[in-house]
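Data first, discussion second: the structure below is written as structure tokens.
In the numbering used here, the protein residues as written are 754 to 982.
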């Protein structure tokens with residue numbers, strides 16, 4: 754997966770990425786694009802499911818995995834968890850996009866990892882965030898786009914809401930996660946302390962909804978779908 758590249762602004766930053774599909778790995782891709790050493794942790798066997806996406810050829814994998822290194826670890830097993838802790842001990846950032854509570858179940862939550870590495874920044878991408886009544890639910894880009902209001906604005910006004918042609922909810926959450934990671938790095942530079950960056954897909958979508966919220970709360974106006982106009 755590693756390609757030759759010029760030196761980047763994040764050349765001295767090491768990232769351990771243990772997410773799958775889009776939301777977590779796209780955050781890792783953005784950091785890797787700017788020079789960070791990104792070590793992707795994949796499950797033994799088939800690896801990340803993105804390796805299989807594509808019609809007879811995984812065309813997406815070379816994009817989202819570019820500039821990354823890769824190792825396989827079974828995080829469900831004690832030996833895999835111990836090896837993961839050793840990776841984290843020398844890392845600046847950990848990225849994960851499992852359902853909230855999964856890393857804690859494996860003994861790999863922020864409280865435990867920060868005892869190993871007090872300066873660690875843990876980036877957590879999920880459908881609904883790490884806290885709140887919806888936190889335990891699995892969340893995908895499609896759900897976040899609907900909950901955040903985007904799909905209600907897509908499509909023809911005479912038809913039900915439509916999907917955008919790409920998984921924009923995942924990519925938006927990953928972009929906000931990357932921004933949060935950079936701010937956390939700046940904070941650590943000043944204080945020496947790491948922190949958790951919590952990026953929710955539905956919140957990332959909601960943040961891009963322009964004036965649709967105040968239009969409704971202040972004037973009771975609901976913007977209609979306009980088709981391709």
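Just so you know, even glycine gets a beta-carbon here, dropped at the ideal spot from N, CA and C.
Nothing here was measured: the structure is a model prediction, and the numbers come from that model.
If distances are taken between C-alpha atoms only, which option among the options comes closest to residue i?
i, options, result
"residue 885", "955, 763 and 960", "955"
"residue 901", "922, 882 and 889", "922"
"residue 897", "975, 888 and 880", "880"
"residue 893", "977, 790, 953 and 979", "953"
"residue 787", "767, 944, 878 and 883", "767"
"residue 816", "831, 799, 785 and 789", "785"
"residue 876", "800, 957, 948 and 964", "948"
"residue 871", "938, 789 and 835", "938"
"residue 883", "904, 899 and 854", "854"
"residue 931", "962, 951 and 919", "951"
Per DSSP, which one or two residues make a beta bridge with residue i?
i, result
"residue 697", "Nothing in the structure corresponds to residue 697, since the chain is present only between 754 and 982."
"residue 792", "769 and 822"
How would you label residue i, buried or exposed, when you count the other beta carbons within 10 angstroms and need 16 or more for buried?
i, result
"residue 837", "buried"
"residue 891", "exposed"
"residue 842", "exposed"
"residue 967", "exposed"
"residue 936", "exposed"
"residue 832", "exposed"
"residue 821", "buried"
"residue 974", "exposed"
"residue 790", "buried"
Is residue i near the ligand COA - that is, is its Cβ less than 7 Å away from at least one heavy atom of it?
i, result
"residue 833", "Annotation note on the ligand COA: not contained in the displayed structure, which lists no ligands."
Would the stretch 837–851 and the stretch 777–795 be scored as touching if the rule is three or more Cβ pairs under 8 Å? yes
Does the pairing of the stretch 786–794 with the stretch 766–775 give three or more beta-carbon distances under 8 Å? yes
Using a Cβ distance threshold of 8 Å, determine whether the stretch 760–767 contacts the stretch 898–917, with at least three qualifying pairs required. no
At 4 residues or longer, what runs of the alpha helix (DSSP H) sit wholly inside the stretch 901–961? 921–944 and 954–960
With a threshold of 8 Å, are at least 3 pairs of Cβ atoms found where one atom belongs to the stretch 802–813 and the other to the stretch 824–837? no
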